[in-house]
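Enquirer:
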Amino acid sequence: MGLSQFTTILGALLFLRQVAGVTQPTNPNIIIILIDDMGFNDVSFHGSNQILTPNIDAFAYNGVILNRYYVPNLCTPSRAALLTGKYPIHNGMQHFVQISDEPWGLPLGERLMPQFFRDKGYSTQLIGKWHLGFWRQDHTPIMRGFDHHFGYYNGYIDYYDHTHYMLDSNYTAGADFRRDLQRCHSDNGTYATEAFTKEARRIIEQHDLSRPLFMVLSHLAVHTGNENQPMQAPYDEVAKFEHISDPKRRTYAGMVSSLDKSVGQTMRALLDRGMLNNSIVLLYSDNGAPTLGIHSNSGSNHPFRG
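Heads up: the sequence shown at position 113 corresponds to 115 in our numbering, and the numbers run straight through without jumps.
This is the structure:
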(Lines of atoms letter the chains of each structure in order from A and count residues from 1; the text may use other names and numbers.)
(Lines give C-alpha, C1' and ligand atoms only; values in the text may rest on other atoms or scores of the structure.)
Protein backbone atom coordinates (compact mmCIF):
# COMPACT_ATOMS: atom_id res chain seq x y z
CA MET A 1 0.00 0.00 0.00
CA GLY A 2 1.40 3.38 -0.97
CA LEU A 3 1.22 6.46 1.25
CA SER A 4 -0.86 8.14 -1.45
CA GLN A 5 -3.43 5.35 -1.13
CA PHE A 6 -3.35 5.70 2.65
CA THR A 7 -3.90 9.46 2.35
CA THR A 8 -6.82 8.85 0.00
CA ILE A 9 -8.44 6.53 2.55
CA LEU A 10 -8.00 9.09 5.31
CA GLY A 11 -9.35 11.86 3.12
CA ALA A 12 -12.42 9.88 2.16
CA LEU A 13 -13.21 9.05 5.77
CA LEU A 14 -12.75 12.66 6.84
CA PHE A 15 -15.07 13.78 4.04
CA LEU A 16 -17.74 11.34 5.20
CA ARG A 17 -17.46 12.69 8.73
CA GLN A 18 -17.83 16.28 7.50
CA VAL A 19 -20.85 15.36 5.41
CA ALA A 20 -22.40 13.85 8.52
CA GLY A 21 -22.02 17.20 10.25
CA VAL A 22 -19.16 16.15 12.54
CA THR A 23 -16.69 18.93 13.26
CA GLN A 24 -13.31 18.16 14.74
CA PRO A 25 -11.27 20.78 16.61
CA THR A 26 -7.93 19.03 16.00
CA ASN A 27 -6.27 16.65 13.56
CA PRO A 28 -7.76 13.16 13.93
CA ASN A 29 -6.07 10.38 15.84
CA ILE A 30 -4.73 7.72 13.47
CA ILE A 31 -4.78 4.15 14.76
CA ILE A 32 -3.49 1.25 12.62
CA ILE A 33 -4.22 -2.24 13.93
CA LEU A 34 -1.88 -4.49 11.97
CA ILE A 35 -2.57 -8.24 12.04
CA ASP A 36 0.12 -10.69 10.99
CA ASP A 37 -0.56 -13.51 8.48
CA MET A 38 -4.34 -13.77 8.85
CA GLY A 39 -6.30 -15.58 6.16
CA PHE A 40 -9.01 -13.83 4.18
CA ASN A 41 -11.55 -16.43 5.28
CA ASP A 42 -10.70 -16.30 9.00
CA VAL A 43 -13.12 -13.52 9.94
CA SER A 44 -16.84 -14.06 10.01
CA PHE A 45 -17.70 -10.92 8.05
CA HIS A 46 -15.88 -12.58 5.13
CA GLY A 47 -18.07 -15.64 5.56
CA SER A 48 -16.16 -17.90 7.95
CA ASN A 49 -18.54 -20.26 9.72
CA GLN A 50 -15.76 -21.76 11.86
CA ILE A 51 -14.32 -18.68 13.55
CA LEU A 52 -16.62 -15.93 14.81
CA THR A 53 -15.06 -12.48 15.12
CA PRO A 54 -17.81 -10.23 16.52
CA ASN A 55 -15.58 -7.25 17.37
CA ILE A 56 -13.84 -7.21 13.99
CA ASP A 57 -17.21 -7.68 12.29
CA ALA A 58 -18.72 -4.73 14.18
CA PHE A 59 -15.70 -2.65 13.25
CA ALA A 60 -16.11 -3.58 9.57
CA TYR A 61 -19.87 -3.09 9.33
CA ASN A 62 -19.67 0.32 11.02
CA GLY A 63 -16.82 1.47 8.80
CA VAL A 64 -15.60 1.15 5.24
CA ILE A 65 -14.69 -2.33 3.94
CA LEU A 66 -11.84 -2.17 1.43
CA ASN A 67 -12.44 -5.00 -1.03
CA ARG A 68 -9.72 -3.97 -3.49
CA TYR A 69 -6.87 -3.60 -1.06
CA TYR A 70 -3.59 -5.31 -1.89
CA VAL A 71 -0.32 -5.82 -0.03
CA PRO A 72 2.98 -7.63 -0.67
CA ASN A 73 2.91 -11.26 0.41
CA LEU A 74 5.72 -11.11 2.99
CA CYS A 75 6.09 -9.27 6.31
CA THR A 76 9.10 -7.05 5.67
CA PRO A 77 8.13 -5.81 2.17
CA SER A 78 4.54 -5.18 3.32
CA ARG A 79 5.59 -3.15 6.36
CA ALA A 80 8.14 -1.21 4.33
CA ALA A 81 5.40 -0.29 1.87
CA LEU A 82 3.12 0.90 4.68
CA LEU A 83 5.69 3.11 6.38
CA THR A 84 7.38 4.55 3.26
CA GLY A 85 4.44 4.87 0.90
CA LYS A 86 6.48 3.18 -1.83
CA TYR A 87 6.40 -0.11 -3.65
CA PRO A 88 9.18 -2.20 -2.04
CA ILE A 89 11.03 -2.41 -5.37
CA HIS A 90 11.72 1.32 -4.96
CA ASN A 91 13.42 1.01 -1.57
CA GLY A 92 15.22 -2.33 -1.95
CA MET A 93 12.89 -4.26 0.38
CA GLN A 94 11.14 -6.40 -2.24
CA HIS A 95 12.93 -9.74 -2.13
CA PHE A 96 12.44 -11.43 1.24
CA VAL A 97 11.97 -10.91 4.96
CA GLN A 98 14.68 -9.55 7.22
CA ILE A 99 16.35 -12.48 9.03
CA SER A 100 17.70 -12.07 12.56
CA ASP A 101 21.43 -12.28 11.81
CA GLU A 102 21.43 -10.33 8.55
CA PRO A 103 23.01 -6.83 8.65
CA TRP A 104 20.43 -4.88 6.67
CA GLY A 105 17.14 -3.09 7.08
CA LEU A 106 14.88 -0.38 5.71
CA PRO A 107 17.28 2.23 4.21
CA LEU A 108 17.96 5.17 6.51
CA GLY A 109 17.44 7.57 3.64
CA GLU A 110 13.73 6.75 3.61
CA ARG A 111 11.50 9.13 5.59
CA LEU A 112 8.82 7.13 7.37
CA MET A 113 5.18 7.76 8.16
CA PRO A 114 5.73 8.37 11.92
CA GLN A 115 8.27 11.08 11.08
CA PHE A 116 5.71 12.89 8.95
CA PHE A 117 3.07 12.62 11.66
CA ARG A 118 5.46 13.70 14.43
CA ASP A 119 6.33 16.81 12.42
CA LYS A 120 2.62 17.64 12.50
CA GLY A 121 2.49 17.45 16.29
CA TYR A 122 1.41 13.83 16.69
CA SER A 123 2.47 11.53 19.49
CA THR A 124 3.86 8.51 17.61
CA GLN A 125 3.61 5.04 19.16
CA LEU A 126 4.54 1.55 17.95
CA ILE A 127 3.38 -1.52 19.84
CA GLY A 128 4.51 -4.99 18.78
CA LYS A 129 6.36 -6.11 15.70
CA TRP A 130 8.95 -4.06 13.78
CA HIS A 131 10.80 -6.45 11.38
CA LEU A 132 12.49 -3.69 9.38
CA GLY A 133 16.02 -4.01 10.69
CA PHE A 134 17.88 -3.67 13.99
CA TRP A 135 21.49 -4.51 13.21
CA ARG A 136 22.40 -0.95 14.18
CA GLN A 137 20.57 1.18 16.72
CA ASP A 138 19.72 3.82 14.13
CA HIS A 139 17.60 1.21 12.30
CA THR A 140 15.31 0.64 15.29
CA PRO A 141 11.82 2.18 15.68
CA ILE A 142 12.80 4.86 18.21
CA MET A 143 15.32 6.19 15.70
CA ARG A 144 12.85 6.04 12.80
CA GLY A 145 10.15 8.41 14.05
CA PHE A 146 8.39 6.61 16.88
CA ASP A 147 8.38 8.32 20.27
CA HIS A 148 7.81 4.98 21.96
CA HIS A 149 8.14 1.30 21.09
CA PHE A 150 6.96 -1.66 23.15
CA GLY A 151 7.51 -4.95 21.39
CA TYR A 152 10.04 -6.94 19.37
CA TYR A 153 12.38 -6.46 16.42
CA ASN A 154 12.29 -9.85 14.67
CA GLY A 155 9.62 -11.52 12.55
CA TYR A 156 8.18 -13.56 15.41
CA ILE A 157 8.71 -14.58 19.02
CA ASP A 158 7.30 -17.11 21.47
CA TYR A 159 3.86 -15.97 22.55
CA TYR A 160 4.60 -16.42 26.26
CA ASP A 161 8.31 -16.15 27.06
CA HIS A 162 8.98 -13.70 24.19
CA THR A 163 12.18 -15.39 23.01
CA HIS A 164 13.21 -15.64 19.38
CA TYR A 165 14.65 -18.90 18.12
CA MET A 166 15.26 -20.35 14.67
CA LEU A 167 15.89 -24.09 14.54
CA ASP A 168 18.18 -23.93 11.49
CA SER A 169 20.45 -21.20 12.85
CA ASN A 170 23.53 -21.66 14.99
CA TYR A 171 22.51 -19.62 18.02
CA THR A 172 20.44 -20.11 21.14
CA ALA A 173 17.09 -18.56 21.91
CA GLY A 174 17.15 -15.05 23.34
CA ALA A 175 14.53 -12.66 24.63
CA ASP A 176 13.42 -10.17 21.98
CA PHE A 177 11.16 -7.82 23.91
CA ARG A 178 11.85 -4.17 24.50
CA ARG A 179 10.45 -1.01 25.96
CA ASP A 180 12.00 1.71 23.85
CA LEU A 181 15.73 0.84 23.75
CA GLN A 182 15.80 -1.24 26.92
CA ARG A 183 15.18 -4.96 27.28
CA CYS A 184 11.87 -5.58 28.98
CA HIS A 185 11.12 -8.70 31.03
CA SER A 186 8.20 -7.41 33.08
CA ASP A 187 5.61 -9.08 30.82
CA ASN A 188 7.40 -12.43 30.55
CA GLY A 189 4.72 -15.10 30.75
CA THR A 190 1.95 -12.86 29.45
CA TYR A 191 0.37 -13.95 26.16
CA ALA A 192 1.72 -11.53 23.55
CA THR A 193 -1.68 -10.41 22.26
CA GLU A 194 -2.73 -9.53 25.80
CA ALA A 195 0.56 -7.75 26.56
CA PHE A 196 0.26 -5.58 23.45
CA THR A 197 -3.39 -4.82 24.13
CA LYS A 198 -2.60 -3.79 27.69
CA GLU A 199 0.07 -1.41 26.40
CA ALA A 200 -2.29 0.05 23.78
CA ARG A 201 -4.90 0.70 26.47
CA ARG A 202 -2.27 2.30 28.72
CA ILE A 203 -1.15 4.64 25.95
CA ILE A 204 -4.73 5.62 25.16
CA GLU A 205 -5.66 6.13 28.82
CA GLN A 206 -2.58 8.30 29.49
CA HIS A 207 -2.57 10.16 26.18
CA ASP A 208 -2.29 13.96 26.26
CA LEU A 209 -5.56 14.98 24.61
CA SER A 210 -4.07 18.27 23.43
CA ARG A 211 -2.09 16.28 20.84
CA PRO A 212 -3.34 13.87 18.17
CA LEU A 213 -2.21 10.26 18.46
CA PHE A 214 -0.59 8.12 15.77
CA MET A 215 -0.43 4.54 16.99
CA VAL A 216 0.50 1.35 15.15
CA LEU A 217 -0.65 -1.72 17.09
CA SER A 218 1.38 -4.36 15.26
CA HIS A 219 0.33 -7.77 16.57
CA LEU A 220 2.33 -11.00 16.63
CA ALA A 221 -0.97 -12.81 16.05
CA VAL A 222 -1.72 -14.79 14.06
CA HIS A 223 1.82 -15.48 12.87
CA THR A 224 3.37 -18.68 14.19
CA GLY A 225 5.75 -18.44 17.11
CA ASN A 226 9.12 -20.19 17.31
CA GLU A 227 9.39 -23.33 15.19
CA ASN A 228 9.60 -25.63 18.23
CA GLN A 229 6.15 -24.47 19.43
CA PRO A 230 4.56 -22.45 16.63
CA MET A 231 0.87 -22.54 17.60
CA GLN A 232 -0.05 -20.97 20.94
CA ALA A 233 -3.27 -19.55 22.33
CA PRO A 234 -4.89 -19.25 25.77
CA TYR A 235 -6.71 -22.42 26.78
CA ASP A 236 -10.06 -20.69 27.31
CA GLU A 237 -9.93 -19.26 23.80
CA VAL A 238 -9.07 -22.61 22.19
CA ALA A 239 -11.86 -24.28 24.18
CA LYS A 240 -14.43 -22.22 22.28
CA PHE A 241 -13.68 -24.19 19.11
CA GLU A 242 -14.28 -27.84 19.95
CA HIS A 243 -16.24 -28.09 16.69
CA ILE A 244 -12.94 -27.80 14.75
CA SER A 245 -11.43 -31.27 14.49
CA ASP A 246 -7.94 -30.29 13.30
CA PRO A 247 -5.98 -29.42 16.48
CA LYS A 248 -3.70 -26.96 14.68
CA ARG A 249 -6.66 -25.17 13.13
CA ARG A 250 -8.39 -25.18 16.53
CA THR A 251 -5.43 -23.45 18.17
CA TYR A 252 -5.29 -21.00 15.29
CA ALA A 253 -8.96 -20.18 15.90
CA GLY A 254 -8.08 -19.44 19.53
CA MET A 255 -5.34 -17.08 18.33
CA VAL A 256 -7.86 -15.26 16.11
CA SER A 257 -10.41 -15.12 18.92
CA SER A 258 -7.86 -13.58 21.29
CA LEU A 259 -7.03 -11.05 18.60
CA ASP A 260 -10.72 -10.23 18.12
CA LYS A 261 -11.03 -9.59 21.85
CA SER A 262 -8.05 -7.22 21.59
CA VAL A 263 -9.76 -5.22 18.85
CA GLY A 264 -12.83 -4.81 21.03
CA GLN A 265 -10.77 -3.71 24.04
CA THR A 266 -8.77 -1.21 21.99
CA MET A 267 -11.91 0.36 20.52
CA ARG A 268 -13.49 0.47 23.98
CA ALA A 269 -10.43 2.27 25.35
CA LEU A 270 -10.73 4.92 22.62
CA LEU A 271 -14.43 5.32 23.40
CA ASP A 272 -13.94 5.57 27.17
CA ARG A 273 -11.19 8.18 26.70
CA GLY A 274 -13.46 10.27 24.47
CA MET A 275 -11.14 9.81 21.49
CA LEU A 276 -13.16 7.53 19.22
CA ASN A 277 -15.23 10.23 17.54
CA ASN A 278 -12.04 11.94 16.43
CA SER A 279 -10.16 8.80 15.38
CA ILE A 280 -9.59 7.05 12.08
CA VAL A 281 -8.86 3.37 12.65
CA LEU A 282 -7.47 1.10 9.92
CA LEU A 283 -7.38 -2.68 10.49
CA TYR A 284 -5.73 -5.06 8.04
CA SER A 285 -3.38 -8.01 7.77
CA ASP A 286 0.14 -7.48 6.46
CA ASN A 287 -0.47 -10.44 4.13
CA GLY A 288 -2.60 -13.56 3.88
CA ALA A 289 -2.15 -16.85 5.71
CA PRO A 290 0.88 -18.96 4.67
CA THR A 291 -0.43 -22.37 3.65
CA LEU A 292 2.96 -24.08 3.17
CA GLY A 293 6.36 -23.98 4.84
CA ILE A 294 7.60 -23.67 8.41
CA HIS A 295 5.29 -20.73 9.17
CA SER A 296 2.11 -22.37 7.92
CA ASN A 297 -0.53 -21.47 10.49
CA SER A 298 -3.67 -23.31 9.25
CA GLY A 299 -5.25 -20.06 8.12
CA SER A 300 -7.72 -20.11 5.24
CA ASN A 301 -7.45 -17.81 2.23
CA HIS A 302 -10.63 -19.12 0.57
CA PRO A 303 -11.81 -18.30 -2.07
CA PHE A 304 -8.31 -17.35 -3.17
CA ARG A 305 -5.72 -19.96 -4.02
CA GLY A 306 -2.36 -20.40 -2.37
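Ideal Cβ positions, reconstructed from N, Cα and C, are used throughout, including at glycine.
Hey, how far is the Cα of residue 142 from the Cα of residue 245?
Expert: Their backbone Cα atoms lie some 43 Å apart in a straight line.
Enquirer: Give a yes or no on whether the C-beta atoms belonging to residue 225 and residue 264 are separated by under 9 Å.
Expert: No, they are not a contact pair.
Enquirer: Can you grab the Cα-Cα spacing for the pair residue 193 / residue 162, in whole Å?
Expert: The alpha-carbon atoms of residue 193 and residue 162 are separated by roughly 5 Å.
Enquirer: Below 8 Å, how does it come out for the stretch 127 to 136 and the stretch 194 to 202: are there three or more Cβ pairs, yes or no?
Expert: Judged by Cβ distances under 8 Å, the stretch 127 to 136 makes contact with the stretch 194 to 202, as three or more pairs qualify.
Enquirer: So what does residue 153 bridge to, in DSSP terms?
Expert: For residue 153, which the question treats as bridged, DSSP gives the partners 130, 180.
Enquirer: Would you identify the three-state DSSP class for residue 268, choosing helix, strand or coil?
Expert: The answer is helix: DSSP assigns residue 268 an H, G or I state.
Enquirer: Output the distance between the C-alpha atoms of residue 45 and residue 287, rounded to the nearest integer angstrom.
Expert: Distance between the alpha carbons of residue 45 and residue 287: 11 Å.
Enquirer: Using a 10 Å radius around the Cβ and a threshold of 16 neighbouring Cβ atoms, would you call residue 66 buried or exposed?
Expert: By the 10 Å Cβ count, residue 66 comes out exposed.
Enquirer: Could you give the uninterrupted runs of the alpha helix (DSSP H) lying entirely in the stretch 217 to 255, keeping only those of 4 residues or more?
Expert: Listed in chain order, the complete alpha helix (DSSP H) runs (minimum 4 residues) inside the stretch 217 to 255 are 237 to 240.
Enquirer: Rank 159, 110, 115, 147 by C-alpha distance to the C-alpha of residue 137 and give the top, closest one.
Expert: Residue 110 is the option with its Cα nearest to residue 137.
Enquirer: Could you pull out every residue in the same chain whose Cβ sits closer than 8 Å to the Cβ of residue 139, ignoring the five residues on either side in sequence?
Expert: Hits under 8 Å: 145, 183.
Enquirer: Between 164, 77, 54, 197, which lies nearest to residue 268 when the distance is taken from Cα to Cα?
Expert: Ranking 164, 77, 54, 197 by Cα distance to residue 268 puts 197 first.
Enquirer: Given this structure, state the Cα-to-Cα distance separating residue 51 from residue 214, to the nearest angstrom.
Expert: About 38 Å.
Enquirer: Return the residue from the list 223, 123, 134, 153 that minimises the CA-CA distance to residue 94.
Expert: Residue 134 is the option with its Cα nearest to residue 94.
Enquirer: Whole angstroms is fine: what's the gap from residue 77's alpha carbon to residue 159's?
Expert: Between residue 77 and residue 159, the C-alpha separation is close to 14 Å.
Enquirer: How close, in whole Å, do the beta carbons of residue 33 and residue 283 come, if the pair is a contact with beta carbons under 8 Å?
Expert: Between residue 283 and residue 33 the Cβ distance is about 4 Å, and since that is below 8 Å, they are a contact.
Enquirer: Per DSSP, which residues does residue 36 bridge with? Please list them.
Expert: BP columns for residue 36 point to 220, 286.
Enquirer: Residues in the same chain with beta-carbon distance under 6 Å from residue 209, minus the five sequence neighbours each way, listed in chain order, please.
Expert: So the qualifying residues of the chain are 215.
Enquirer: Return yes when the Cβ of residue 152 is within less than 9 Å of the Cβ of residue 180, no when it is not.
Expert: Yes, the pair counts as a contact, with Cβ atoms nearer than the cut-off.
Enquirer: Would residue 307 be called buried (16 or more neighbouring beta carbons within 10 Å of its own) or exposed?
Expert: With fewer than 16 other Cβ atoms within 10 Å, it is exposed.
Enquirer: Return the residue from the list 233, 270, 175 that minimises the CA-CA distance to residue 254.
Expert: Checking every option, the nearest Cα to that of residue 254 belongs to 233.
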